[in-house]
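Accompanying notes for the structure given below.
Numbering (the UniProt record's numbering), first residue to last: 1 to 715.
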């Protein structure tokens, strides 16, 4: 098959970023100095190939302007398929529409997007020397999207956004009453660009409703374009921002009988054909199996568009096509579990160390190693070597009861406040845990408010707080108990039972925990080590599937229960041990794998409840500068959630930050439970288990950054 000359020379094994515009139904390369500028009357193709681990991950986006012709959009679509086939059918294809661009697409353009009126079909020149006055709406906190309005008129304004009036002599920045500070900051930066491009004389800042407070000359200039009194009912931000998160629906697609059929499918655990993954009006994904027919591959996007129409989803709903083995992280995290298969992306020659795609490196680490290497601390989820100071309080109905003894014992029907103090960079740091047993009757959201109680008392000045539910203890928590944490059943008692059985899980102080089980034979399992404690003896029962390290950790833990000799038994022997447990019942005695493959995902989201509903907006290819002091952010590493609270965040958003986390989990398309650890911190108190997820970290970054008001005063 003939390939378009525009695609010749693209290598499957190299990284690249290329753009084409459809002109007269032909592909025309976009000059690099115009990357990020899009015309509403045109259609474009963007090809992005970047290293992901040891592979090249390829993405093809076709972008459709709001007034592009049907012919141009059709060319963009089938040329995207042509490029995909040329590259072996491996790239991920995306349909992008004006005003609803995906986070990945916007992340390509660090200086933001400019969407201008006109296009080739209208006969307007893309770059010309004439100076016309224009009105732009500014949206976006990190990579702003500038959209040119049809005219300079109040009807295009609203009080929830920031607008720029770009004229020959003056650049006006108009800020709506409820516009967010980050969009104001971005608008100020864009205004500087416009001023320099136009050689304009000045920048004038205008506040919504205060137009008449401008100086006389400024009023005259603004009055040339607008009445100084804005009409009422200008409205708020008319475009709802953020994700629409909903449960997934799965549809199986097939043309086996010569007719293309889409049938709802209920089992998402075994994918072998082609499927449509319906994420509601937010995003439609088409998954193509390796054995799918050529027709299914080529027509996937067209069929998805037909599905979109049938479901009456908005015309600007995002559509993406992925192939088996080449799924991007945005797709994988839609599923509660995802087993990695052989990658089909092309391998690159050099290894890329990506902080957002960390791999487990088993090693013995001390505090200095972790503090000097925050990436390793985040990867292993360890604060230090566990040699810090541990303090424990049991939560009662009226107070917090300090536990002076038995600090390695927690009870499943209780909740606890636990303080761990450690040294980081020669400074004393403290982390506060709220641990809730699985049999505790209180609702997790309600009882977590007890952390506030501890903050207001003399117990804690820490701004890092972690909520933990029994069974979801992270490594940094277990490490502070040095591999000796025991979870007993029921309510707290001063004395341990006369005899009890513990199941021990773990092979290192960072992951070892013992849990009490019923004292009977059926509680045993050949894959683990158990401790049976009686008044006379303490037994270590080693299942045939247990390892030497697991047995050593069980012995280490059992020594906290007795000063006497430990009796080590191996599965298959029958001394007094069986008399205590009884001979009735059958226990699991088949060996099983203890490691489950899982997706390594790290995603950053901005959170807002501007209209009383949680809105989350993902930030792709993130770095520390994306943590904005005016905002509340969620860093989702799948097994845990980090809540980062900026110093200048609204008081209401600060107080509701924990609600954000719970609502985020409740609306997660992959239906995750809300029992994963939630780590809450304030700006400036970030522990290494958080900072290590960023490619670099500068503690003084925010001191160097200027606010919108500071920039405004300078101008």
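The C-beta atom is built at its ideal place from N, Cα and C for all residues, glycine as well.
Where the alpha helix (DSSP H) containing residue i begins and where it ends
i, result
"residue 404", "Segment: none, residue 404 is in no alpha helix (DSSP H) and carries neither H nor E."
"residue 475", "475–479"
"residue 75", "70–86"
"residue 657", "657–666"
"residue 702", "701–704"
"residue 538", "Element bounds for residue 538: not the alpha helix (DSSP H) but the beta strand (DSSP E), 538–542."
"residue 688", "688–691"
"residue 105", "103–107"
"residue 713", "708–714"
Distance between residue j and residue i (C-alpha atoms, nearest Å)
i, j, result
"residue 178", "residue 423", "42 Å"
"residue 440", "residue 467", "14 Å"
"residue 250", "residue 278", "6 Å"
"residue 51", "residue 106", "18 Å"
"residue 223", "residue 202", "16 Å"
"residue 484", "residue 557", "5 Å"
"residue 562", "residue 394", "24 Å"
"residue 671", "residue 145", "32 Å"
"residue 123", "residue 88", "Legend: pLDDT at residue 123 = 47, less than 50; position of this residue unreliable, value from coordinates given subsequently. Each residue's alpha carbon lies about 37 Å from the other."
"residue 72", "residue 42", "7 Å"
"residue 305", "residue 319", "8 Å"
"residue 715", "residue 215", "15 Å"
"residue 119", "residue 68", "8 Å"
"residue 125", "residue 649", "The pLDDT assigned to residue 125 is 48, lower than 50, so where the model puts this residue is not dependable, and the model offers no usable value."
"residue 40", "residue 149", "11 Å"
"residue 546", "residue 645", "43 Å"
"residue 460", "residue 682", "The predicted model places residue 460 with a pLDDT of 42, which falls under 50 and marks its position as unreliable; any figure quoted below should be read in that light. Distance between the alpha carbons of residue 460 and residue 682: 14 Å."
"residue 358", "residue 640", "In this predicted model, residue 358 has a pLDDT of only 32, less than 50, meaning its place in the structure is not dependable; the value taken from the coordinates is given anyway. Distance between the alpha carbons of residue 358 and residue 640: 15 Å."
"residue 243", "residue 373", "At residue 243, the pLDDT of 46 sits below 50, so the modelled position is not reliable and the matter cannot be decided from this model."
"residue 538", "residue 568", "9 Å"
"residue 133", "residue 620", "33 Å"
"residue 598", "residue 328", "Since pLDDT at residue 598 reaches only 47, below the 50 mark, its modelled position is unreliable, and no value is offered."
"residue 541", "residue 487", "18 Å"
"residue 712", "residue 309", "46 Å"
CB of residue i within 9 Å of CB of residue j, strictly
i, j, result
"residue 392", "residue 470", "no"
"residue 187", "residue 170", "no"
"residue 503", "residue 515", "yes"
"residue 519", "residue 501", "yes"
"residue 3", "residue 86", "yes"
"residue 47", "residue 25", "no"
"residue 628", "residue 141", "yes"
"residue 692", "residue 647", "no"
"residue 555", "residue 566", "yes"
"residue 571", "residue 543", "yes"
"residue 378", "residue 688", "yes"
"residue 532", "residue 605", "no"
"residue 164", "residue 200", "no"
"residue 282", "residue 221", "no"
"residue 6", "residue 29", "yes"
"residue 636", "residue 602", "yes"
"residue 81", "residue 326", "no"
Residue i, enclosing beta strand (DSSP E) - first and last residue
i, result
"residue 515", "513–517"
"residue 555", "Element bounds for residue 555: not the beta strand (DSSP E) but the alpha helix (DSSP H), 548–558."
"residue 139", "134–139"
"residue 430", "427–436"
"residue 571", "Here residue 571 belongs to no beta strand (DSSP E), and DSSP marks it neither H nor E."
"residue 221", "Segment 216–223 is the alpha helix (DSSP H) holding residue 221; no beta strand (DSSP E) there."
"residue 682", "678–682"
"residue 505", "500–505"
"residue 605", "603–608"
"residue 29", "26–29"
Check: residue i C-beta below 8 Å from any heavy atom of the ligand HEM
i, result
"residue 385", "Among the components modelled here there is no ligand, and therefore nothing to report on the ligand HEM."
Closer than 9 Å to chain B by CB, residue i
i, result
"residue 49", "You won't find chain B in this structure, because it holds only one protein chain."
Touching or not, the segment 274–291 and the segment 60–69, by the rule of three or more beta carbon pairs under 8 Å? no
State whether the segment 650–657 contacts the segment 200–211, with contact taken as three or more CB pairs (one from each stretch) at a distance under 8 Å. no
Does the segment 152–166 come into contact with the segment 102–121, if we say contact requires no fewer than three beta-carbon pairs (one atom in each stretch) closer than 8 Å? no
Pairs of beta-carbons, one from the segment 526–546 and one from the segment 474–483, closer than 8 Å: are there three or more? no
Alpha helix (DSSP H) runs contained entirely in the UniProt domain "Gelsolin-like" (272–331), provided each spans 4 or more residues: 294–298, 300–310
Mind pulling the beta strand (DSSP E) runs of 3 or more residues that sit fully within the UniProt domain "Gelsolin-like" (147–213)? 162–166, 170–175, 202–207
Between the segment 695–705 and the segment 660–669, are three or more C-beta pairs nearer than 8 Å? no
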